Structure formats: C-alpha cells, structure tokens
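Chemist:
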Amino acid sequence: MAPILYIIIPCYNEEKVLPITSPMFLEKIESLIEQGMIHAESKVLFVNDGSKDKTWEIIQQLSHTNSHFIGICQSRNRGHQNAVLAGLMEAKDKCDITISIDCDGQDDINAMDDMVREYLNGCEVVYGVRSKRDTDTFFKRFTAEGFYKLMNRLGAEVVFNHADYRLISNRVLREFENFKEVNIFLRGMIPLVGFKSTSVYYERHERMAGESHYPLSKMLALAFNGITSLSVKPLQMIMAIGFFISVLSFIGVVWSVVVSLMGNSVAGWASIVSIVCFIGGIQLVCLGVIGEYIGKIYMEVKARPRYIISERTGDIYEKDKVE
Ligand code: UDP
Ligand code: MG
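Going by the working numbering, the sequence shown opens with residue 246, and the numbers climb by one from there.
Here it is in structure tokens:
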C-alpha cells in the first residue's frame with residue numbers, strides 16, 4: 246500500500262507567504278496521490294509557532310477548505326527547531342513518512358517526488374541538499390557555508406548544505422522519540438539515529454514574500470547551539486590550549502632561572518603584563534565555553550516540555566471530537 250505522507254511546515258508570522266505557498270503544497274500532495282506514490286490520507290500539517298499575526302487564522306481557514314490541510318498551534322513562540330519537532334511528534338502515529346519544509350517556498354517542493362521515490366527504494370531518511378546558492382547574497386552564502394564547515398570541524402556531524410528539508414520515515418521517528426534532550430538541533434541529531442539514508446539535490450529559491458527570521462546573529466546562535474549540543478570538542482580544545490600554554494610558560498620559567506643564574510636579570514615588565522593579560526583572556530573564554538555547557542546541563546536537568554500544543558484544526562481532529 247502507498248505510504249501516508251505528512252508534510253510538516255513550521256510557520257512564524259507568515260501571513261504574507263502562506264496564501265501563496267499553501268496551494269503549491271496542496272498541488273504537490275494531490276499530484277503525488279494521483280501518481281499512486283502516496284496514500285490519499287496524506288496531509289499538509291502546518292505548525293503555527295506562536296505567530297503574532299493572522300497566520301493561525303489562515304491555517305484554520307485552509308483546514309476548513311480542504312481536508313488535506315490540518316494544523317496545530319503552539320502555545321507560544323519557541324523557535325523553528327521546536328516547531329518542526331512538534332510537527333514530527335504530532336505526525337508520528339498518523340503517517341508512514343514525514344517531509345519537513347519551510348513555508349516560504351525557498352526549498353524546491355518538486356524535490357519531494359525524488360524523496361518519496363528514495364523512500365520507496367528503501368531509504369529511511371532522505372536529506373534535501375542545496376545544490377546552488379545563487380539566489381542568496383554573497384554574505385549569506387559565505388556565512389552559511391562557513392557554518393557547515395565550522396560545525397563539522399568542531400565535531401557536530403551535519404550534512405553539508407542541508408537545512409531542515411528532509412524526509413523521515415515513521416521507523417526513524419519512533420527511535421528519534423527516545424532522544425529526549427531539550428536543546429535540539431535536528432540536522433545534527435537525525436544522522437545520529439542511523440538507518441539507511443541518502444540525499445537529493447535541489448536549487449534554493451528566494452523567499453516568496455515576507456522576511457527571513459534568521460539574521461546573522463540568530464545564525465551564529467544556531468551554530469553555537471548546534472556545536473555545544475552535539476559535541477564536547479570545544480572542551481577538549483580548551484584542554485589542549487591549556488596544555489600548550491603550560492608547556493610554553495614552563496620553558497619560559499626555566500629560561501628566566503637560567504638567565505638570572507648567569508647574572509643577567511630579565512628586563513621589561515611590559516612583556517609580562519601582556520602575557521598575563523593574554524592568558525587572562527584565554528581563561529575567560531574557556532570559562533565561558535564551560536559555562537555554556539553547564540547552562541545546557543541546567544536546562545536538560547529541568548527537562549521542561551519542548552513544545553506545548555494549544556489548539557488543533559482539521560478534519561482528522563474533528564472526527565476525534567465526535568467519538
Ligand atoms: N520559523 C518558526 N519559528 C521561528 C522562526 C522561524 O517556525 O521562531 C519558521 C518560518 O516560518 C519558516 C522557517 O521557520 O517556515 C524558516 O525561517 P526563515 O525562512 O525565516 O529562515 P531562513 O530560510 O531565512 O533561514
Ligand atoms: Mg526561509
């Protein structure tokens with residue numbers, strides 16, 4: 246039997262873009278059903294991430310116009326990663342495969358055909374990878390590609406140029422459910438689940454309307470969060486730096502003792518002050534990095550819910566109410 250597909254779409258303040266992209270998602274679902282690749286029960290699941298504009302009203306209207314549209318609403322804004330997670334967990338027991346995609350039309354929805362095909366060929370995870378970034382500005386491209394390289398260097402394995410456009414099978418989702426961490430970075434966590442995976446390539450377009458929610462500051466925060474959530478390599482690097490500086494200063498001490506025994510006193514306090522300041526700076530940075538990990542542990546220990554769903558809309562939920 247053809248698999249039931251849920252397309253998971255996080256939306257935050259997207260009233261401008263939803264009316265443009267929602268018909269495209271519907272068309273895609275209908276064409277996949279027509280081709281017999283997916284089951285007629287397949288849905289487009291919108292996750293409203295505590296939007297402050299009319300996004301949720303639009304999702305509700307959509308769910309009343311077509312039974313393929315359903316939606317859940319988060320009790321407040323929790324960020325893109327948590328919104329996708331909420332959608333994945335909501336879909337987990339209802340479908341065979343999920344595809345998560347942004348709602349702004351930047352990711353080419355035609356890649357979904359290939360994704361489903363790869364699933365039918367036996368892959369459990371299919372990563373959507375951007376083949377070109379021609380439409381991004383030079384700055385965005387430079388920072389984004391630097392981001393992937395830095396992540397991999399620092400021990401967080403991520404697929405190069407893959408964001409959160411991916412197909413995940415139900416089997417992988419059920420295993421992924423056991424990853425209980427609060428600090429989530431999906432593109433680094435999904436590869437950890439394992440199973441057979443592959444990539445499909447697509448061209449990234451420009452946003453159809455509205456504005457990006459990921460300026461440089463948020464992207465840096467995401468990179469830092471990804472690294473410290475997935476790897477302890479920065480801590481190891483700190484130790485290596487500490488070790489290196491200790492060896493260096495030990496040599497310095499031996500040298501100054503030898504020099505003073507030979508009757509030449511070591512001159513210049515400026516060099517000493519600058520070395521002290523340098524080491525003081527390194528120590529502060531190291532404390533900061535360690536503090537970041539302690540902060541993460543603090544959040545994990547509290548184990549607060551990662552998302553809270555306040556409302557649902559769509560025909561599948563209506564049926565539940567009647568029963
Ligand atoms: N998004 C979200 N919660 C947020 C910020 C963004 O659900 O707090 C959604 C947003 O609606 C979009 C996706 O995440 O569907 C990606 O955001 P955006 O397009 O602004 O990022 P970019 O593509 O520029 O990196
Ligand atoms: Mg976007």
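For each residue, glycine too, the CB sits at the ideal point set by N, CA and C.
Quick caveat: nothing in here was measured; it's all calculated off a predicted structure.
Would you call the region 343-350 and the region 253-265 in contact, with 3 or more CB pairs under 8 angstroms?
Modeler: Touching, yes.
Chemist: Answer yes if the region 529-548 comes into contact with the region 459-475, meaning at least three C-beta pairs across the two stretches below 8 angstroms, and no otherwise.
Modeler: With a cut-off of 8 angstroms, the region 529-548 and the region 459-475 count as touching, because enough Cβ pairs lie within range.
Chemist: Report the rounded CA-to-CA distance for Ile517 versus Ile413, giving the unit in angstroms.
Modeler: Cα to Cα, Ile517 sits roughly 57 angstroms from Ile413.
Chemist: Consider the C-beta atom of Arg452 and the heavy atoms of the ligand MG; say whether any pair is separated by less than 7 angstroms.
Modeler: It does: the Cβ of Arg452 is within 7 angstroms (strictly closer) of some heavy atom of the ligand MG.
Chemist: Is the separation between the beta-carbon of Ser442 and that of His407 shorter than 8 angstroms?
Modeler: No, the Cβ-Cβ distance between Ser442 and His407 is not below 8 angstroms.
Chemist: Pick from Leu263, Glu286, Ile265 and Ala247: whose alpha carbon is nearest that of Ile561?
Modeler: It is Glu286 whose Cα lies nearest to the Cα of Ile561.
Chemist: Which of the three DSSP states is assigned to Tyr410 in this structure?
Modeler: Correct three-state label for Tyr410: strand.
Chemist: Which word fits Gly316, buried or exposed, when buried means at least 16 other C-beta atoms lie within 10 angstroms of its C-beta?
Modeler: It is buried - the Cβ of Gly316 has at least 16 other Cβ atoms within 10 Å.
Chemist: Do Thr310 and Glu260 come within 8 angstroms of each other at the CB atom, strictly closer than that value?
Modeler: For Glu260 and Thr310, no; Cβs fall outside 8 angstroms.
Chemist: Beta-carbon distances below 5 angstroms to any heavy atom of the ligand MG define the shell here; list its residues in chain order, please.
Modeler: Going along the chain, the residues that qualify are Asp347, Asp349 and Gln351.
Chemist: Smallest Cα separation from Glu563: which of Lys394, Ala548 and Ser312?
Modeler: The option with the nearest alpha carbon to Glu563 is Ser312.
Chemist: How should Leu296 be labelled, buried or exposed, when 16 other C-beta atoms within 10 angstroms of its C-beta is the threshold for buried?
Modeler: At residue 296 the sequence reads Ser, which differs from the Leu that was named. When all chains shown are included, Ser296 counts as buried.
Chemist: Could you tell me which of Met246, Ser267, Arg452 and Thr382 sits nearest to Gln305, measuring between CA atoms?
Modeler: With distances taken between Cα atoms, Gln305 lies closest to Ser267.
Chemist: Taking 8 angstroms as the cut-off, decide whether the C-beta atoms of Met464 and Asp349 are in contact.
Modeler: No, the pair does not count as a contact, with Cβ atoms beyond the cut-off.
Chemist: State yes or no: is the C-beta of Asp294 nearer than 7 angstroms to some heavy atom of the ligand UDP?
Modeler: Within the cutoff, so yes.
Chemist: Buried or exposed: which applies to Lys273, given that a residue is buried once 16 or more other Cβ atoms fall within 10 Å of its Cβ?
Modeler: The residue is buried, with at least 16 neighbouring Cβ atoms inside 10 Å.
Chemist: In the DSSP assignment, the beta strand (DSSP E) including Gly316 goes from what residue to what residue?
Modeler: Phe314 to Gln319 is the span of the beta strand (DSSP E), which, as asked, contains Gly316.
Chemist: Sorted by chain position, which residues of the same chain lie with C-beta nearer than 6 angstroms to Phe400's C-beta, five sequence neighbours on each side aside?
Modeler: Note that residue 400 is Gly in the sequence shown, not Phe. Taken in chain order, the residues that qualify are Ser476 and Lys478.
Chemist: For Ser444, which beta-bridge partners are listed by DSSP?
Modeler: According to DSSP, which records beta bridges pairwise, Ser444 is partnered with Tyr372.
Chemist: Residue ranges of each alpha helix (DSSP H) run of no fewer than 4 residues wholly in the region 286-343, ordered along the chain?
Modeler: If we require 4 residues or more, the alpha helix (DSSP H) runs fully inside the region 286-343 come out as 300-310 and 325-336.
Chemist: Over the uninterrupted alpha helix (DSSP H) stretch that includes Tyr459, give me the two end residues.
Modeler: Premise fails: Tyr459 is in no alpha helix (DSSP H) and is neither H nor E.
Chemist: Could you check where the beta strand (DSSP E) with Thr388 kicks off and where it finishes?
Modeler: No beta strand (DSSP E) holds Thr388; the alpha helix (DSSP H) holding it covers Phe383 to Arg398.
Chemist: Can you tell which of Glu456, Tyr552 and Leu277 has the C-alpha that lies nearest to the C-alpha of Leu263?
Modeler: Residue Glu456 is the option with its Cα nearest to Leu263.
Chemist: Nearest to Leu461 by CA position, among Arg386, Glu537, Arg416 and Ile278, is which residue?
Modeler: Comparing Cα-Cα distances from Leu461 to each of Arg386, Glu537, Arg416 and Ile278, the minimum goes to Arg386.
Chemist: Is it right to say Leu493 is buried, meaning 16 or more other beta carbons lie within 10 angstroms of its own, or is it exposed?
Modeler: Per the 10 Å Cβ criterion, exposed.
Chemist: State the Cα-Cα distance for the pair Val546 and Lys425, rounded to the nearest angstrom.
Modeler: Using only the alpha carbons, I get a separation of about 11 angstroms.
Chemist: List the whole-angstrom C-beta distance separating Asn486 from Ile520, where the pair is believed to meet the contact cut-off of C-beta under 8 angstroms.
Modeler: Checking the displayed sequence, the identity of residue 486 turns out to be Ile instead of Asn. Wrong, their Cβ atoms sit about 15 angstroms apart, outside the cutoff.
Chemist: Is the beta carbon of Asp338 closer than 8 angstroms to that of Glu448?
Modeler: No, the pair does not count as a contact, with Cβ atoms beyond the cut-off.
Chemist: Just the Cα atoms here: how many angstroms apart are Asp358 and Arg398?
Modeler: Roughly 33 angstroms separates the two Cα atoms.
Chemist: Quick one: grab the DSSP three-state call for Pro255.
Modeler: Strand.
Chemist: Going by beta carbon distance, what residues of the same chain come within less than 8 angstroms of Leu330, once the five residues before and after it are set aside?
Modeler: Cβ within range, chain order: Ile429, Leu431, Arg551 and Tyr552.
Chemist: How long is the line joining the alpha carbons of Ser320 and Gly525, rounded to whole angstroms?
Modeler: So the two alpha carbons sit approximately 44 angstroms from each other.
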